[in-house]
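*Asks:* For the sequence shown, the positions run 6 to 204 when my numbering is used. For every residue, glycine included, the Cβ atom is placed at its ideal position computed from N, Cα and C. My questions all concern the structure below.
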Amino acid sequence: MDSMYETLMSMPLFAGVSRQRMSEIIGKYKFHFLKFNPGETIATEGEMCTHLKSVIAGNVRVTVKNKDQRFQVAQTLSAGILQLDKTDFLNIINSDPIFLFNYLNILSVNAQRSIEGVLALTSGTLEKRIAYWIVALTQTNGKDIVLQCRQRDMYTVFGVPRQPLISALDHMTQAGIITYTPREITVLNRRALSAILAD
6 MDSMYETLMS
16 MPLFAGVSRQ
26 RMSEIIGKYK
36 FHFLKFNPGE
46 TIATEGEMCT
56 HLKSVIAGNV
66 RVTVKNKDQR
76 FQVAQTLSAG
86 ILQLDKTDFL
96 NIINSDPIFL
106 FNYLNILSVN
116 AQRSIEGVLA
126 LTSGTLEKRI
136 AYWIVALTQT
146 NGKDIVLQCR
156 QRDMYTVFGV
166 PRQPLISALD
176 HMTQAGIITY
186 TPREITVLNR
196 RALSAILAD
């Protein structure tokens, strides 16, 4: 039971909540800890959203594609799945100002990240712009990150001709941050990408 409390209280939604309040929430709502077999699909695009699923233990491979499938990002998250009915989730948020504040905080951070992403793609060195692009599309704890995209599509995204893009990718490869092919970028060191943004 202690580990369940600790797991739930480590989630951003429940930050700053007392153990007693968490006990009340656990007693009132149904939290389902799900297990999936290797390779089993957890969620797919377009399916009806009836439950909130939070990744909390194990390994999950996440793949996101754009509409025309010219860009694809795949990464492994080290966590398993906690499932909560969507209605229960909304009731929890509305049951306590702390939960509502935490949820608004999460939304605010994500909204700010989107704005920064748009601005970052248009200014700064090309290495910084590529770094922000990858960081914005992936999670902090993501591993085995692979971005599938043709280089000619990247020329359009960054608004540069071929040679400056290849030079930037080569520089990042020599630094041990990525490897790349004409159709793929593999991230070797995501932390180093964040360091580029901090410069």
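Looking only at C-alpha atoms, which of Asp158, Leu82, Ile201 sits nearest to Met177?
*Replies:* Ile201
*Asks:* Can you pull the DSSP bridge partners for Gly147?
*Replies:* Leu82
*Asks:* Out of Ala136, Phe76, Leu87, which one is the CA nearest neighbour of Thr161?
*Replies:* Taking only the C-alpha atoms, the option nearest Thr161 is Phe76.
*Asks:* What residues match up with Gln153 in a beta bridge as DSSP calls it?
*Replies:* Gln77, Glu189
*Asks:* Return the chain-ordered list of same chain residues with a C-beta closer than 7 Å to the C-beta of Thr12, the five sequence neighbours on each side being excluded.
*Replies:* Ile61
*Asks:* Looking at Ile97: is its Cβ nearer than 7 Å to the Cβ of Pro17?
*Replies:* no
*Asks:* Evaluate Thr46 with the Cβ neighbour count: other Cβ atoms within 10 Å of its Cβ, from every protein chain shown; 16 or more gives buried, anything less gives exposed.
*Replies:* exposed
*Asks:* So, for Gly51: in the same chain, excluding its five sequence neighbours on each side, which residues have a beta-carbon less than 7 Å away from its beta-carbon?
*Replies:* Correct list: empty, nothing qualifies.
*Asks:* Within 10 angstroms of its Cβ, does Thr92 collect 16 or more other Cβ (buried), or is it exposed?
*Replies:* exposed
*Asks:* How would you label Pro43, buried or exposed, when you count the other beta carbons within 10 angstroms and need 16 or more for buried?
*Replies:* exposed
*Asks:* What first and last residue would you give for the alpha helix (DSSP H) that runs through Thr92?
*Replies:* Residues 91–100.
*Asks:* Could you tell me the boundaries of the alpha helix (DSSP H) in which Leu18 lies?
*Replies:* Leu18 -> no alpha helix (DSSP H), and no H or E assigned at all.
*Asks:* Does the Cβ of Asp101 lie closer than 6 Å to at least one heavy atom of the ligand GDP?
*Replies:* Only the bare structure without any ligand can be found here, which leaves the ligand GDP out of the picture.
*Asks:* Could you tell me which residues DSSP pairs with Ile182 in its beta bridges?
*Replies:* None, per the DSSP bridge assignment.
*Asks:* Would Asp149 and Thr81 qualify as a contact pair, given that the criterion is a beta-carbon distance under 7 Å?
*Replies:* yes
*Asks:* Give me the DSSP bridge partner(s) of Leu57.
*Replies:* According to DSSP, Leu57 shares a beta bridge with Leu89.
*Asks:* How long is the line joining the alpha carbons of Ile171 and Ala136, rounded to whole angstroms?
*Replies:* 14 Å
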